[in-house]
Amino acid sequence: MEPIRKEEIDDQACGSLAPKSKPCPRPKPGEAAGGCSFDGAQITLLPIMDAAHLVHGPVACAGNSWESRGSLSSGPSLSQYGFATDLSNNDIIFGGEKKLKDSIDYIAGRFAPPAIFVYSTCVTALIGEDMDAVCKEASGRLGIPVVPVNSPGFVGSKNLGNRLAGDALLQYVIGTGEPELEASMGVNLIGEYNIAGEMWDIEKLMNQAGITLLSRITGDARYKEITWAHRAKANMVVCSRALLGLAKQMESKYGIPYFEGSFYGAKETTYSLRQMAFLLNDREMERRVDRLTEREENRLSHDLRPYRKILKGKKAVLYTGGVKSWSVISALKELGIQVVGVGTNKSSDEDVQRIADRVSDDTEYIPEGGASRIIKTVKERKADIMIAGGRNMYVAMKEQIPFVDINQERHKAYAGYEGLLRLAKELVDSMANPIWKLASSPAPWDKEGSYDR
Amino acid sequence: MTVKKRSKPVSVNPLKIGQSLGGILAMQGCYRAMPVVHGSQGCSAFPKALLTRHFREPIAVQTSALQEMDVIFDANRNLEEALNAVLSKHRPDIIGIIGTELTDVAGVDYQSMLKSYKRERNMRGGLAFSVTLPDFRGSLESGFSVTVEAMVDELIQQAGLRGQRNVNSRQITLLPGSYLTPGDVMELKEIVSSFGFEVIALPDISTSLSGHLLTGFSPLTRGGVPLDSMLQSLQSGLTIAFGASMERPARRLHNALGTPYKVFQGTMGLKASDELLNFLHQISGVPVPIRYCWQRENLLDCMLDAHFQFAGVSALAALEPDHLRSVSEWLDELGVEQKALITSYETPAVAEMEREVWVGDLDDAEVLGSGADLWIGSSHGIAGAERIGAAFLAAGFPIWNELGSYMNVSVGYRGAMEWTNKAGNLLMRREAEHRESSIRHR
Ligand code: SF4
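In order, the protein sequences belong to chains A and B. In case it helps, the UniProt record's numbering puts the first sequence at residues 1 to 453. In case it helps, the UniProt record's numbering puts the second sequence at residues 1 to 442.
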């Protein structure tokens, strides 16, 4: 069998600019955490809301994963359907290509989606199904794009899956359509998945500044807007770790300049909007952005005052991946919170560099080790709160550590100026909750040994 | 009755949950245990995330983290590495290796690898066993029961008992099926012990996934049945299994040790509870505790009050096989029309039901159950229930739209009452909403 991960990709660093930096680390047996590449590919593509997403493999890959993301839709919901070829023992012995073809036909006939994404999984990759050929044939016959996503779980980490999904977009989607209106002044957002509706806050800001959002890649996207992404004048990469490669290739293929930015924190948000206007090279727009960001920042700093008072000097441990590992630090700093520990497990060398630029010297880096390591840091550094992903939420609860969820499953949007206010409120609310006192005081009948934390 | 299947090439909104998740769940009910999924990262990460979301508890699980080339060349090297890491770092009492479809298709022989590993390391004192749970067969239920069976086998081996046991006739081993919540298992333990028996549940998620506050984090399971109790359970005078899928592990105990067993296929409703309590009464000679006599009356009164609400009502249920059977019996007692019964895979227990059962997905549930007033199933059904305009009653796995569902009780009189009231309330609210909207739209 031919390896799916070709050498060039193998050599490439995880979303890093520097060609020499470390490749995605091999997960350690018995100590590994986190999803597979198939998971990563889905995270990237599922927010294309009107498309059908068909998982080719035994049912569990799809059965265990559908409806697990907090990526919101403003309309169509077909991407929330779980489609699986649900291969049985027999299919695996005799091959599942016929079933795949029939499944594609069935979905096209019944749901009439604008496109179908087909994901390979470990088993279908292992038995050497020719998914590309089936998709190509179906696409020609049905007259709709059927996009193969070759990212079976065992080729590597979630991050690699993000990138392989980006490759699929570049190879099969981007450049296959034209915008309806003359919209040459547009910007694409790459790697923003509309978790908890964050995209909507960002979109509002861009609209206010008069910047056209041409293609959303992929938060709350419609298939066709991605087909014309090559017509943008600039790309903003929101989650660099995942889709920087896509931006780079769009630069070399279509000459679209890109920048990496974030919407966590007022400063980062202002910088990102400015950068867009700059790349669009429009004086009037730059002035508009300046006026808007000044107004928003002023209003925000007024609204934040009561929260800042409470949050000043509080200590947090932040454990999240990629771009958030540094961009959230900026947001927390603006609130007066000191980050005393930060996870670097899923950060590229550049992310680590950016973290270093933003934290003080005695901040502890947590490169790996999972839950127990994070908790150790929280305790040793006497942190007031832990900010991490849902996976660690209940671990924190067991230790009675205030917790704010920052990853995909969360329900609150923290991007932009409004988002920072929401984050401040969330942090205050969770630290001020009466449960911490109640939980740490013993029952009246065993008062002797009080265990104050 | 035969089990039917709609013909459709693709699964749309799957009901089926991979077997391996069932295996991981079973391991959570043992103290200081670690399931090691022999597969790629995702095969442990997905179930971990899903179980965490359902139980709102940290879930213990590790992976052999296979990558492409490992699968093709030497998957067991990874497994060995994983075992080394887990053993040296966490010293678990129990390790269960869960083979996936990946190791199955690649033909990896980890069974004999484990054997030699145990020999070489001179591993004694703990339990280590392996199961094969590819996701293209069975579902959560079979994964759970196969794992318990392997666990029982390993216990018997470990204890080295050959006929000479000290049978403790006051001790009963409970084998609770995968569909029972921690709250259910707790209730069953309580009911059985109220007749004067010592009870050991195998596995026991009621002390691990029920929301305890043991401080100190451990990557191993917290709570659950400890190994010495598990070994002690071999002396039990009787095994009681809940759910037909648990009959096989019960039979193992019977074949190896001669322990008699009793299987309760249904666990919900008046009749099922009567049967259980009467059985316990007869084997113990102890009168049924007064609180259950009260509860029985409470239930009957509740059913009388509720029957207006259930008259002319129809329901669909999409659940794992044993659960489906149980729920169906409860619906029978309420006189609710069963528009569609859908399950994840065929088992003898559903095949012998007097009703039509479909093996299918949640899309089939929508089609076959169209017009139903009540949808009973996991949180994946919320959207479908909305589309067909049915009230939604969360049951089975996974549930993420409710707090504390893991403490819900469906067994015994109390459980039947809780469910009857809950379903009745949902229908009442739905009726009120309909009334309101029809007034508004006049
Ligand atoms: S690792 Fe492979 S088999 Fe496991 S969930 Fe991911 S794609 Fe599916």
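Note that beta-carbon positions come from the ideal geometry of N, C-alpha and C, so glycine has one too. Being a predicted model, the structure only gives us computed values, none of them experimental.
Answer with yes or no whether the minimum CB distance from residue 493 of chain B to chain A is below 9 Å. Absent from the structure is residue 493 of chain B, since the part of chain B shown begins at 1 and ends at 442.
Shorter than 9 Å from the beta carbon of THR63 of chain B to some beta carbon of chain A? Yes, contact with chain A.
Can you give me the C-alpha to C-alpha distance between GLY166 of chain A and LEU243 of chain A, rounded to a whole angstrom? Spanning the two alpha carbons is a distance of roughly 6 Å.
Exercise answer, beta-carbon shell around the ligand ADP heavy atoms below 5 Å: Annotation note on the ligand ADP: not contained in the displayed structure, which lists the ligand SF4 as its ligands.
Pick helix, strand or coil for ALA196 of chain A, following the three-state DSSP scheme. Here ALA196 of chain A sits in coil by DSSP.
For ASP10 of chain A, I'd like the list of residues in its chain whose CB is within less than 6 Å of its CB, leaving aside the five on either flank, ordered along the chain. A caution first: ASP10 of chain A carries a pLDDT of 37, below 50, which makes its placement in the model too unreliable to give a value.
Bridge partners for GLU262 of chain B per DSSP, in chain order? The question names Glu, yet the displayed sequence has Lys at residue 262 of chain B. The partner list for LYS262 of chain B (beta bridge, DSSP) reads B:ILE240.
With 9 Å as the threshold, decide whether the Cβ of CYS135 of chain A is near any Cβ in chain B. So no, CYS135 of chain A is outside the interface.
Tell me the rounded alpha-carbon separation between LEU209 of chain B and ARG56 of chain B. So the alpha carbons of these two residues sit roughly 8 Å apart.
Where ILE107 of chain A falls, given that 16 or more other Cβ within 10 Å makes a residue buried: With 16 or more Cβ atoms within 10 Å of its Cβ, ILE107 of chain A is classed as buried.
Going by the beta-carbon positions, is the gap between SER37 of chain A and VAL123 of chain A smaller than 9 Å? Between SER37 of chain A and VAL123 of chain A, the C-beta gap is not smaller than 9 Å, which leaves the two residues out of contact.
Same chain only: Cβ atoms within 8 Å of ALA311 of chain B, ignoring 5 sequence neighbours per side: Counting only Cβ-Cβ distances below 8 Å, and skipping sequence neighbours, we find GLY335.
Since ILE94 of chain B and VAL36 of chain B should fall inside the 8 Å C-beta cutoff, what is the C-beta to C-beta distance between them, to a whole number of angstroms? That belief does not hold up - the Cβ atoms of ILE94 of chain B and VAL36 of chain B are roughly 11 Å apart, past 8 Å.
By the three-class DSSP mapping on this structure, what secondary structure does GLN338 of chain A have? In this structure, GLN338 of chain A counts as strand in the three-state DSSP scheme.
Tell whether a beta-carbon distance below 9 Å holds between GLY261 of chain A and GLU334 of chain A. Contact: no.
May I ask you to report which of helix, strand or coil DSSP gives ALA33 of chain B? ALA33 of chain B: strand per DSSP, three-state reduction.
Alpha carbons only, please: which of A:LEU280, A:LYS309, A:ARG283 and A:LEU273 is nearest the one belonging to GLU297 of chain A? That would be A:LEU273, whose Cα lies nearest to the Cα of GLU297 of chain A.
Does DSSP put TRP419 of chain B in a helix, in a strand, or in coil? Helix.
Identity of the residue in A:GLN275, A:GLU399, A:PHE263 and A:THR270 nearest ASN235 of chain A by Cα: Ranking the options by Cα distance to ASN235 of chain A, first place goes to A:GLN275.
Counting only beta-carbon separations shorter than 9 Å, does SER210 of chain B have a partner in chain A? Under the Cβ criterion of 9 Å, SER210 of chain B is not counted among the residues facing chain A.
Please compile the residues from chain B whose C-beta is within a distance smaller than 9 Å of the C-beta of ALA62 of chain A. Residues of chain B passing the Cβ test: SER11 and PRO14.
Taking 9 Å as the threshold (C-beta atoms), are VAL61 of chain B and SER44 of chain B in contact? Contact: yes.
Between ARG288 of chain A and ASP50 of chain A, how many whole angstroms is the CB-CB distance? I'm expecting something under 8 Å. About 32 Å separates the two Cβ atoms, so there is no contact after all.
For THR293 of chain A, go through chain B and note every residue whose CB falls closer than 9 Å to its CB, in chain order. Here the premise fails: no neighbours, minimum Cβ distance about 38 Å.
Taking 6 Å as the limit between beta carbons, can you name the residues of its chain near ALA336 of chain A, skipping five residues before and five after? The residue you asked about is not Ala; residue 336 of chain A is Gly in the sequence shown. So the qualifying residues of the chain are ARG308, LEU311 and LYS312.
Nearest CA to the CA of GLY389 of chain A: which residue from A:LYS376, A:LYS28, A:ASP405 and A:THR377? Checked all of A:LYS376, A:LYS28, A:ASP405 and A:THR377; the closest Cα to GLY389 of chain A is A:ASP405.
Contact belief for GLU320 of chain B with SER139 of chain B at Cβ below 8 Å, rounded distance in angstroms: Sure, about 6 Å apart at Cβ, within 8 Å.
Answer yes or no: does any C-beta atom of chain B fall closer than 9 Å to that of LEU126 of chain A? Taking Cβ atoms only, chain B reaches closer than 9 Å to LEU126 of chain A, which makes this a yes.
The region 347 to 358 of chain A: positions lying closer than 7 Å to chain B by Cβ: Within the region 347 to 358 of chain A, no residue has a Cβ lying closer than 7 Å to any Cβ of chain B.
So, helix, strand or coil for TRP400 of chain B, using DSSP? DSSP places TRP400 of chain B in coil when its eight states are reduced to three.
Sort A:ALA396, A:ILE385, A:MET131 and A:GLN80 by Cα distance to ASP220 of chain A and report the nearest one. When C-alpha distances from ASP220 of chain A are compared across A:ALA396, A:ILE385, A:MET131 and A:GLN80, the shortest belongs to A:GLN80.
Please name the residue or residues paired with VAL118 of chain A in a DSSP beta bridge. BP columns for VAL118 of chain A point to A:LEU54 and A:PRO148.
Helix, strand or coil: how does DSSP classify TRP228 of chain A here? Coil.
In three-state terms, what does DSSP make of TRP66 of chain A? Looking at TRP66 of chain A - three-state DSSP - the assignment turns out to be coil, as it is neither helix nor strand.
Can you check whether the CB of SER344 of chain B is closer than 9 Å to the CB of GLU141 of chain B? For GLU141 of chain B and SER344 of chain B, yes; Cβs fall inside 9 Å.
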